[in-house]
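Quick note: the sequence shown uses my numbering, first residue 891, plus one each step. So the structure is just underneath, and the comments pick up after that.
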Amino acid sequence: MKYCPNCRAEYLDEIKICADCDIELVDSLIDAEEITESDLTLIYQCDQLYKAQLIKANLESANIESFILSQKDSNYPSVGDLAIIKLFVKNEDAETALEFINNSEQADFDFEEE
891 MKYCPNCRAE YLDEIKICAD CDIELVDSLI DAEEITESDL TLIYQCDQLY KAQLIKANLE
951 SANIESFILS QKDSNYPSVG DLAIIKLFVK NEDAETALEF INNSEQADFD FEEE
């Protein structure tokens, strides 16, 4: 069996990519520490999964662990982007993560002005 490291969904061995998260599946899941909702802070919300994944990747490059909560369901086609996708970090990383995101967005804005 294969597993999605993000949403922890289980797939047949021949499947390589998670249908919901669009990331590569792994052979086994690592038992993570027990994290509860009260341990997390919402730092970003959008309607496109790729935006949340880009920010998650950028945060990981700064050694900030983040978690994506997606309400998007690829099993049911819908018109428009109605799903809400949220990006969370641990409470102790929230301030650093928000600064990192704000600095990244400012850098993108400065680049576009040139």
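C-beta atoms are modelled at their ideal positions from N, C-alpha and C, and glycine is treated no differently. Keep in mind that this is a model prediction, so the values were computed, not measured.
Three-state secondary structure (DSSP) of residue i
| i | result |
| --- | --- |
| GLN935 | strand |
| GLU985 | helix |
| ILE920 | coil |
| GLU927 | helix |
Contact check, residue i vs residue j, beta carbons under 8 Å
| i | j | result |
| --- | --- | --- |
| TYR934 | ILE925 | no |
| ASN981 | LEU932 | no |
| ASN896 | ILE920 | no |
| ILE958 | VAL979 | no |
For residue i, the residue or residues it bridges with in DSSP
| i | result |
| --- | --- |
| ILE975 | CYS936 and SER960 |
Span separating the alpha-carbon of residue i from that of residue j
| i | j | result |
| --- | --- | --- |
| GLU950 | GLU985 | 15 Å |
| ARG898 | ASN993 | 31 Å |
beta-carbon residue i near the ligand MG non-hydrogen atom, thresh 7 Å
| i | result |
| --- | --- |
| TYR901 | Absence of the ligand MG is noted for the structure shown, with no ligands found whatsoever. |
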